[in-house]
Every structure is written in C-alpha cells, then in structure tokens.
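See structure below.
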Amino acid sequence: MIYKKVEKGNIRYYQIFGLDCVKVVNSKELICIYVFGFRILERVKLEYIKSITEKLADEISIIRTENAARHEQLESYINYHINNIIYNIDDKFNILINEINVRISDINNSINSLSQKIDNQFNALSLNINNINTYSKAHMESFSGFKDKFVGRDIVILCTGPTLVKYQPIEKTVNIGVNRAFRRYDINLDFIFIQDITGLKDDIDAINNYNPETCQKFYGSSITFGASIPEKDLIKANAKRYYIGKFFTDFYPDITSSVFPEYGSVVFSALTFALYTHPKRIYLVGCDACQNGYFDNDDQTAFSSNIGFLLNGWYAFKKFKDQFYPDVEIVSINPIGLRGIFKDVYQ
C-alpha cells in the first residue's frame with residue numbers, strides 16, 4: 004500500500020511507502036501540522052481559548068471575591084488594631100496626663116511649702132534683725148557707760164529670799180536690788196532691776212519713786228513676748244530699758260550688743276550687769292534658790308520659780324564667770340540652795 008493513515012492518541016501520521024510524511028497533532032489546546040518534520044502550522048483552538056478565557060474570568064472573579072474578602076478582613080483587622088492602639092494611646096496618655104498633673108500638683112505644693120518656709124524664715128530673719136536693732140540701740144544707750152565702772156570694788160546683789168532678813172549690810176559696797184529688795188529700807192540701793200511686772204503690780208509705783216536721785220532703775224522686757232514693763236513706768240522712774248532673750252538664752256560678755264540671759268529670774272540680769280562693771284567681788288544675798296518663800300512673805304507657796312530651771316541658770320552663770328571673769332570672786336551670804344557652788348559665808 005502506497006498511502007496509509009496511522010493514529011496514535013491525538014497524533015495522526017500520513018505515510019507514503021511507510022514514511023511519515025505528514026504529522027498532525029490535534030491536542031485539546033492547539034493543532035500542529037508537521038511535513039517531513041517541519042512545523043508548517045500551529046494554531047490554538049478557539050474552543051480552548053474560550054475555555055481558558057472563561058476559566059481565567061472565573062479565577063479572576065474568585066480572586067476578586069477573595070481579595071475583597073481579604074481586603075475587608077484586613078481593613079477590619081487594621082481598624083481593630085488601630086482602635087486598640089488609639090485606645091491604648093488615649094488610656095496611656097490619660098494616665099500620663101494624670102501622673103503629670105499629680106507631679107505638677109506635688110511640685111506646686113513643694114514650691115508653696117518652700118515659699119512659705121522662705122517667707123517664714125525671711126520674716127523670722129526680719130524680726131531678728133529688728134530685735135537686734137532694738138536691743139542693740141537700747142543697750143548701747145543703757146549700759147555703754149558701765150564697762151569696767153566698778154573695778155576694784157565690791158558689789159552686793161540683793162534678792163528677795165527669806166535670808167535677806169538675816170543679812171548684815173557690808174560697808175562701802177555697790178548695792179544692786181531686784182524686785183522688792185528695796186523694802187530693806189535700811190539699805191540704800193544704787194541700782195534696781197525688775198523685768199516681770201506680774202508680781203509687782205502693787206509695788207511698781209513705789210519702785211518708780213524709790214530714791215530717784217541716787218538709784219538708777221533698769222526695767223527689762225522680753226524680746227520674744229514684747230515689753231513686760233510699760234513705757235509709762237520707765238518714764239516715771241527715769242529707768243533704762245533692757246531686753247532678755249527667750250528661755251535658756253545664755254550669758255554674753257558684751258551687754259551693749261546682746262540680749263540678757265533668761266533662766267527664770269531677774270537676778271541673772273543683775274549678775275550680768277554686775278560682771279560687766281568688773282568688780283573685785285560680788286556678794287549674793289537673799290539668793291536662796293529653794294522653795295521657801297520671800298523675805299517679806301511667810302507663805303511658802305509664794306515662790307513660784309522652777310528650782311531646777313533656776314539652778315541651771317546658776318551653773319550657767321558660774322561657767323560664764325569662770326571663763327570671762329575668773330578674777331571676780333563670788334560669795335554666797337547665808338546660802339541655802341546655792342550652798343557649795345560659790346564661796347559660802349554665814350553671818
């Protein structure tokens with residue numbers, strides 16, 4: 004047979020004398036014709052293109068649908084996290100704002116407190132400066148002429164304890180009395196010190212009028228509690244003003260530029276003045292320092308000073324005297340509470 008057609012699957016061969024002259028490949032997608040091994044035609048089938056197009060369209064539709072769903076999910080996811088982030092940011096921002104407000108409030112409170120402290124310190128400093136100016140001016144006017152005035156002489160400090168009655172006056176002494184010591188009418192006082200008018204209301208006129216020609220009065224006031232002796236009494240007595248410090252104010256050698264000590268008794272002001280005049284000797288009379296009343300009053304409860312507080316003042320005085328005036332002798336006349344602290348002499 005000269006011509007023959009052979010089919011193998013989707014391939015057909017046309018043979019002449021047993022040789023493959025033409026090969027036709029008819030697949031689902033396309034048709035190809037080969038002549039003696041050379042491809043002379045290749046064409047995609049329209050049905051295949053249509054099916055591919057439809058399939059592609061379906062796939063595109065599916066992709067679009069999936070993308071839309073994914074876009075929606077992604078948008079929802081993004082919105083969810085954005086909302087969470089915004090919420091967290093708002094929450095943290097509010098917390099931060101609250102913390103800042105609290106810190107600002109604390110800072111403002113600290114500033115206000117510090118400002119108040121500064122104001123208080125400034126006011127206290129201003130008050131101290133005013134007090135210093137006040138007592139420095141007053142003390143300069145009151146005491147500047149008494150520095151070393153009684154060198155080589157003896158001074159008697161007359162307090163109002165019961166032993167003042169027993170005192171036998173020593174001749175040629177400078178006599179300094181405190182409070183009602185002027186009632187020892189047989190003794191002429193050269194100076195009187197008072198600083199608490201509470202117990203002297205019935206005696207202040209007598210003190211004001213006591214020996215105005217020969218007795219110089221010194222009237223004390225508290226630097227912290229204001230004047231304790233009214234100005235009208237200073238004028239009547241032609242007295243000089245001095246100031247005492249707050250409780251436990253110590254002794255200072257220059258009384259023209261410092262406050263007087265405060266240990267619960269006017270005697271320490273008189274002693275400070277006495278040392279400032281630098282005498283040879285100081286006699287202590289009626290300085291009983293015990294709960295035994297006054298020389299002009301048998302009432303044992305009349306003595307109101309705190310004995311422990313008073314004795315602290317005496318020991319402070321002794322320490323001050325030994326440091327700044329070691330050459331001045333201190334003698335206790337008929338001592339009771341001061342026995343053994345200074346030189347004791349009994350009359």
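In the working numbering, each number is its position in the sequence shown, counted from 1, plus 3.
A virtual CB, placed ideally from N, CA and C, is assigned to each residue, including glycine.
Count the other C-beta atoms from every protein chain shown that fall within 10 angstroms of the C-beta of residue i, then say buried if there are 16 or more, exposed otherwise.
| i | result |
| --- | --- |
| E265 | buried |
| F185 | buried |
| R342 | exposed |
| P215 | exposed |
| N212 | exposed |
| P233 | exposed |
| I210 | buried |
| A71 | exposed |
| K105 | The sequence shown places Val at residue 105, not Lys. Classification of V105: exposed, given that the 10 Å Cβ count is below 16. |
| Q303 | Since pLDDT at Q303 reaches only 48, below the 50 mark, its modelled position is unreliable, and no value is offered. |
| T3 | Here the chain comprises residues numbered 4 to 350, so residue 3 is not present and cannot be evaluated. |
| G316 | buried |
| A351 | A query on residue 351 cannot be resolved here, the shown segment of the chain reaching from 4 to 350 and no further. |
Please list the terminal residues of the continuous beta strand (DSSP E) segment that includes residue i.
| i | result |
| --- | --- |
| F221 | 219 to 225 |
| S335 | 332 to 336 |
| V288 | 284 to 288 |
| N178 | 177 to 181 |
| D347 | 346 to 348 |
| I195 | 194 to 197 |
Below 8 Å between beta carbons: does that hold for residue i and residue j?
| i | j | result |
| --- | --- | --- |
| Y255 | G223 | no |
| L161 | G289 | yes |
| I195 | N134 | no |
| T259 | F146 | yes |
| V269 | V331 | no |
| S272 | Q198 | yes |
| I179 | V159 | yes |
| F221 | K239 | no |
| R187 | D206 | no |
| I333 | K346 | yes |
| Y170 | V262 | no |
Please list the terminal residues of the continuous alpha helix (DSSP H) segment that includes residue i.
| i | result |
| --- | --- |
| F149 | Careful: F149 lies outside any alpha helix (DSSP H) and carries neither H nor E. |
| K249 | Where K249 is concerned, there is no enclosing alpha helix (DSSP H), given that its DSSP letter is neither H nor E. |
| G316 | 310 to 327 |
| Y279 | 270 to 279 |
For residue i, which three-state DSSP category applies?
| i | result |
| --- | --- |
| R244 | strand |
| Y16 | strand |
| Y297 | strand |
| D157 | strand |
| R67 | helix |
| K140 | helix |
| I174 | Before going on, a small fix: residue 174 reads as Glu here, not Ile. Residue state, collapsed to three classes: coil. |
| E10 | strand |
| Y188 | coil |
| Y255 | coil |
| F39 | coil |
| L341 | coil |
| L203 | coil |
Identify, in the order they occur along the chain, each residue of the same chain with its Cβ nearer than 7 Å to the Cβ of residue i, setting aside the five sequence neighbours on each side.
| i | result |
| --- | --- |
| F312 | Y266, G267 |
| C218 | L192, D193, F194, I195 |
| Y279 | F146, F149, K150, I258 |
| C293 | I310, I339, G340 |
| I200 | I207, S231, I232 |
| M143 | T259 |
| D93 | none |
Between which residues of its own chain and residue i is the CB-CB distance below 6 Å, once the five residues before and five after are set aside?
| i | result |
| --- | --- |
| Y349 | N337 |
| A305 | Only weak support is given to the placement of A305: the predicted model assigns it a pLDDT of 49, under 50, and the question is left unresolved by the model. |
Following a CB-centred definition, is residue i positioned closer than 7 Å to any heavy atom of the ligand SAH?
| i | result |
| --- | --- |
| P282 | As for the ligand SAH, it is missing from this structure, which has no ligand bound. |
Spatial neighbours of residue i within its chain, please: CB distance less than 8 Å, with the 5 preceding and 5 following residues excluded, ordered by chain position.
| i | result |
| --- | --- |
| D157 | I173, K175, T176, V177, P282, K283, R284, I285, Y286 |
| P165 | G289, D291, N295, G296, Y297, F298 |
| L167 | L161, A184, R187, V288, G289, F298 |
| S113 | none |
| L203 | N182, R183, I197, I210 |
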